[in-house]
Amino acid sequence: MCGAQAGGPDAATIKPGETTIQGSVTRDGEPVTGYVRLLDSTGEFTAEVPTSATGQFRFYAAEGTWTLRALVPGATADRKVVAQNGGLAEVSIAL
């Protein structure tokens, strides 16, 4: 096992009151590095972050329905997520 936290970065480091979307990207159970894009409900690009060495990512976003697009060498995957105002949405993206 790689020692990466399940789901995403440590929830203790979240900004209080912020609407947060976080998680991890894995392939065959192992973390992968790449990028994760945040697309709004119409599919428009909003933001992009690199994954950490352990495949983890985090966005601070507005309440609503979003699409996360993982972009890693040789693969792409989309996941829908609903973010609640001031809440934490955890997303695992397995390729």
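Residue numbering for the sequence shown follows UniProt numbering, beginning at 1 and increasing consecutively. Where a beta carbon is used, it is the ideal one built from N, C-alpha and C, also for glycine.
On the DSSP bridge list, what partners appear for residue i?
| i | result |
| --- | --- |
| residue 98 | This structure does not reach residue 98, given that the chain is present from 1 up to 95, and the question cannot be answered. |
| residue 49 | 36 |
| residue 19 | Note: residue 19 sits in no beta bridge, so no partner. |
Which first and last residues belong to the beta strand (DSSP E) in which residue i is found?
| i | result |
| --- | --- |
| residue 80 | 75-83 |
| residue 29 | Careful: residue 29 lies outside any beta strand (DSSP E) and carries neither H nor E. |
| residue 70 | 64-72 |
Measure how close the beta-carbons of residue i and residue j come, nearest whole angstrom, since I'm counting them as under 8 Å.
| i | j | result |
| --- | --- | --- |
| residue 73 | residue 29 | Between residue 29 and residue 73 the Cβ distance is about 17 Å, and since that is not below 8 Å, they are no contact. |
| residue 70 | residue 77 | 5 Å |
Rounded to the nearest angstrom, what separates residue i and residue j at their Cα positions?
| i | j | result |
| --- | --- | --- |
| residue 79 | residue 43 | 12 Å |
| residue 24 | residue 45 | 20 Å |
| residue 17 | residue 87 | 7 Å |
| residue 92 | residue 64 | 18 Å |
| residue 22 | residue 47 | 13 Å |
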